[in-house]
Structures are given as C-alpha cells and as structure tokens.
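Structure, as structure tokens:
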DNA sequence: CGCAGCCTTGAGCAGTATCAAAGTCGGTGG
DNA sequence: CCACCGACTTTGATACTGCTCAAGGCTGCG
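Residue numbers (my numbering), protein chains in the order written: chain A, 199 to 429; chain B, 199 to 429.
Dropping the structure here:
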C-alpha cells in the first residue's frame, strides 16, 4: 500500500510539462526514486555532501540554517514543483542549508550522477536552472535587505503574506491554516517566539488578522501590504 | 589620451583565459565597449531595466540596495574579474541592486542583446554562469544568516577580514588601506556609523587592529577570525 | 582662512531579547 | 470518561544592544 502511494504520487511529477521534474524524470538515463518523508524528517543537512536533487511532488518543506546555539533560521518554505539541492552540486561544495519536511511529503530523488548527466546534455535544463538560480538570488537579497533594515513588525507582515501565498494552493479567499508553531514563525521572521505572539496579538487588535489557535485569518490584506511596504 | 587609457585597459580583459570577460569579448559577434567610471559614478541603479553586463577590469565597485530612508546597504564589494548585471537579464526582471564605482574603474560593457546571443550559443558560458549564480546564492545566504543572528561586533570582524581580502590584491602581509568612510563600513555591517567608530576603537584597545585615519591595520587576524567565528 | 565633510564622543531612548511563570490544548493511558 | 502529561502559547518583568540625536573636533581643500 505504501508502494501504491508512492507510485501514484510519482506519476504527477511528469505531468506539468517543462517542469524541472518532468525534464529530469523523462530523461531515459535517469533512475528516479520516489520517497515519502514524514513530518519532521530531514531531506538533507547543511555542511553535508550533496547526494542528489529533490523534486517536490506534494507537501511543504522548510529550508533553514542552524546557528551555533542550535536554533533553526528558516530561509524559505517550498512546496509542490520546487527543485532543491542542486546548488551545491553545481557549485561543487557542501549543502549551505538544511531541508526538513513540515508535513508528509512526496519527493522524487535524482542522484547527483544522473543529475549531472542530464545537465551535460540538456541546454534546456541548464538554462532553466540558471534562470531559477538568478531569481532565487534576487529573492534572497530581498530577504537579506528586509531583515537588515526593517523592524520586526514589518517583517512579520511580509511573512504572513508569504505564508498565505505558500499555504494557499487552493486559492480560496482567506482562511489560511498555517501549520507552524510560533517558534517556527519567529525563525522565519528572525525574532523570538514571544515577540511573534505579542505582535500577532497587536495585529489582531488592529483588525488586520483573526487568530484561532494556529489558524490565522487575514482580514485586511491591504493594510498588511502597507505595513510590509510591498508595492 | 583618454582613448589610449581605455584601449590599454581593455586589452587585459581577454588575458585571463576562460574568464567571463574573455569568453564574452572573444566572441566574434560581440561588440564590447570599454568604459571608465569615475569614483562615485553609477553603473546601474536598482529597479531599472538591465541594459547589459559589466566586466570589471580594474577598480572596486560596491553593490548595494537603497532603503526607503535613502540609506545605502552594501551587499558586496567586487573588483577585477567580476561580472555583474547578468542576473536580471536572465531572470527577465529589473536590477535588484545598484552598482557604483568606489574608485576609478575600467569596465567592459557588453549589451544585453550581445550577451544573450553568446549565452544562446555557448554552453560553456551557460555552465559558468550557473556555477557563479549558485555560488553567489551560498554567499548571500551566509550574509543573510550573519546579519540575522550575529551581534554587530562579530559582523564587523567578518567585514574587516572580507575587506582585507578584497583590498589586498597585492597580497602583502597586513597594512590594508580601506578607502571607505565609516558610513560605508556601517552600511556593509548593517549598523550605524557611530557604532562602527566605537567598535573599531574597542578593537584597537584590544590590540586586534591599529587605526590611522582610514587605514586599518589588522594586527591579530587570528582573534578577528575567532570573533567572527569563521573556521 | 573658512568651509564642508567626516570622525568622535556622550546621553538618552526604543525595540527586542531573555527569563520566569502561568495558562491552554490535544492526546494518552488508566 | 477523566486526569494527567508534554508541548506549545501567552503574559509580565527586566535587561541590554545598538540607534538616534546633538555637539564638538579634525582634516583637506578652495
């Protein structure tokens, strides 16, 4: 039964034409394996050698770095369609970051060797990866900038909007259940869990959001945008 | 005479085999132009459309982003051999960052059109850029992380070591003249100019460095490494 | 000589972190 | 079904880092 699940999950990955996964998986020489990661399981850890790339079929994965005091600092949260783990293979280094499943995830794994084989032969993949890397660059610079110059509240606003984006595949209007602890939110925003609690409460008082446990309902998106100064 | 200078500067750019500049400039279809930027001149500004790529022959250039309060926040300082401005062309967006000459700089400019032409035809360039982009990614993540979790003093230590690296082409032992104002140093470290002054003084008291105007001599590199927690 | 830009120093303050102690919630085993 | 446990959240008090503002000093240049 577990096997069936895996098979089914993996059919999807070739569905979206021209996705990373389809390019990689369709390649005749590629031996992909489909893996299920349970909530909390590690895909890979920073400073280790990259074994291959991971193409996410379903589920959310947090990308983070660990500080000396063992705290996790989340850099991004990715979901269906994302390809992760390729940068250190190309840069010929070790993983800069760690990746952990936030919920049950189905993932295609392609070994380093196979990945490089495809990369050699496919100008298409090369270009697509290049584009992806350049875009990410911009994204990380943006985060860097945010954390360097903006107060916590602004960053939290940006974070909530981002999370809504990520958790709202269903595209329904508003009630987004964010399955993250306050601790995890704080590690995205770059602050302490207590500060997150206080600011969320403040935002609720100001009618920007409504909180029910972990469910955060954005009631005034426009104002959040304004706080986050996103144009 | 200005013309001569330019010509001479531009011969160099093909010297280092397999550099970005040589790959681009040697290409038959590329019409490169060699430009001299005076200290303080802008190569390009964030949020503008990328006109082309810049290959740095000589001089230092600061890469930064401007905050709403019009302060510059330096992301990196690059010198000879660097290629800048390609990311937004590839990602099909606008410049994420600005670039300004910190001193007189000689630069090869290759237009967007020519750059894309070479990119199409050269798998070599594609791969090299991909590698470069992936490496930068790692670098920016590292900075992001630093600024998010480390106290100012640690970051300043890292910054000094970085600056020594950048300004020390000559590889002489120690006395590095860093031609930056305190303000500029502060905008690398992500703090205020006053804090930089105070911390530099503190470091001098602790015999880590010696200050003579803008000249900063690193007298105890090992300890600086330790403060910066660089292994 | 005087001005402009930069550096330095001090004092006060704001934003956040940290620590400690309750309070809540969901699940588990009796 | 209840009581309890552990993990998470909330709240309050306190402390600290680093910013801002203001004033004065230095240096190089016109």
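No residue lacks a Cβ here, since even glycine has one placed at the ideal position from N, Cα and C.
Under 7 Å by beta carbon: chain A residues contacting residue i
i             : result
residue 347/B : 265 and 271
residue 343/B : 263 and 271
residue 388/B : 346
residue 328/B : 288, 324, 327, 328 and 331
Residues of its chain near residue i, where Cβ-Cβ distance is below 8 Å and the 5 sequence neighbours each way are ignored
i             : result
residue 237/B : 299, 300, 301 and 302
residue 417/A : 372, 405, 406, 407 and 408
residue 338/A : 273
residue 268/B : none
residue 402/A : 408 and 409
residue 309/A : 229, 249 and 250
Exposure label - residue i; buried when at least 16 CB within 10 Å
i             : result
residue 231/B : exposed
residue 140/A : The displayed coordinates of chain A run from 199 to 429. Any statement about residue 140/A would go beyond what the structure contains.
residue 280/B : buried
residue 286/A : buried
residue 399/B : exposed
residue 411/B : exposed
residue 427/A : exposed
residue 166/A : Within the shown structure, residues of chain A are numbered from 199 to 429, placing residue 166/A beyond reach of any answer.
residue 202/B : Low per-residue confidence applies at residue 202/B: pLDDT is 42, beneath 50, and the placement is therefore not dependable enough to give any value.
residue 348/B : buried
residue 258/B : buried
residue 382/B : buried
residue 246/B : exposed
residue 447/B : Lying outside 199 to 429, the shown extent of chain B, residue 447/B is not represented and no answer is given.
residue 500/B : Past the boundaries of the shown model lies residue 500/B; chain B is included only from 199 to 429, so the question cannot be answered.
residue 322/A : exposed
residue 363/B : exposed
residue 392/A : exposed
residue 227/A : exposed
residue 324/B : buried
residue 289/B : buried
residue 420/A : exposed
residue 260/A : buried
residue 425/B : buried
residue 294/B : buried
Extent of the continuous beta strand (DSSP E) to which residue i belongs
i             : result
residue 299/B : 296-299
residue 230/A : Here residue 230/A belongs to no beta strand (DSSP E), and DSSP marks it neither H nor E.
residue 440/A : The structure shown does not extend to residue 440/A, since chain A is modelled only from 199 through 429, so no value can be given for it.
residue 424/B : Run containing residue 424/B: none in the beta strand (DSSP E); it sits in the alpha helix (DSSP H), 419-426.
residue 260/B : 259-264
residue 385/A : Counting along the chain, residue 385/A falls outside any beta strand (DSSP E), though it belongs to the alpha helix (DSSP H) covering 380-387.
residue 254/B : 250-256
residue 275/B : 270-276
residue 284/B : Neither: residue 284/B is in no beta strand (DSSP E) and is coded neither H nor E.
Neighbourhood of residue i by C-beta, 7 Å cutoff - its chain only, sequence neighbours within 5 removed
i             : result
residue 225/B : 316
residue 270/B : 262, 264 and 385
residue 422/A : 355, 358, 359, 406 and 416
residue 353/B : 344, 345, 387 and 388
residue 217/B : 279
Residue i: contacting residues in chain B (beta-carbon distance under 7 Å)
i             : result
residue 359/A : By Cβ distance, chain B contributes nothing, its closest Cβ being about 18 Å from residue 359/A, past 7 Å.
residue 325/A : 324
Cross-chain neighbours of residue i in chain B, by beta carbon under 8 Å
i             : result
residue 332/A : 284, 285, 286, 288, 289 and 331
residue 294/A : 335, 336, 339 and 340
First and last residue of the uninterrupted alpha helix (DSSP H) at residue i
i             : result
residue 319/A : 310-319
residue 392/A : 391-403
residue 351/B : 350-365
residue 416/A : Element bounds for residue 416/A: not the alpha helix (DSSP H) but the beta strand (DSSP E), 413-416.
residue 376/B : Residue 376/B -> no alpha helix (DSSP H), and no H or E assigned at all.
Cβ-heavy atom distance, residue i to the ligand ZN, below 7 Å
i             : result
residue 406/A : Summarising the ligand content, the structure contains no ligands, and the ligand ZN is consequently not present.
Where residue i meets chain B, residues with beta-carbon distance less than 9 Å
i             : result
residue 226/A : Chain B residues near residue 226/A: none, gap ~20 Å exceeds 9 Å.
Assumed close pair residue i, residue j - CB separation to whole angstroms, cut-off 8 Å
i             : j             : result
residue 335/B : residue 396/A : Incorrect: roughly 34 Å between the Cβ atoms, too far for contact.
residue 314/B : residue 328/A : Contact doesn't hold; Cβ gap of about 12 Å is too wide.
residue 222/A : residue 341/B : Not confirmed; about 30 Å, so no contact.
residue 332/A : residue 331/B : 6 Å
Beta-carbon contacts of residue i that lie in its chain and below 6 Å, excluding the five residues immediately before and after
i             : result
residue 351/B : 397
residue 200/B : Since pLDDT at residue 200/B reaches only 44, below the 50 mark, its modelled position is unreliable, and the value read off the structure follows with that caveat. Closer than 6 Å at Cβ, skipping near neighbours: no residue.
residue 296/A : 243, 244 and 262
residue 345/A : 388
residue 414/B : 376 and 407
residue 390/B : 384
residue 276/A : 259
Partners in chain A for residue i, counting only beta-carbon separations shorter than 8 Å
i             : result
residue 338/B : 335, 338, 339 and 342
residue 427/B : 266
residue 321/B : 321 and 324
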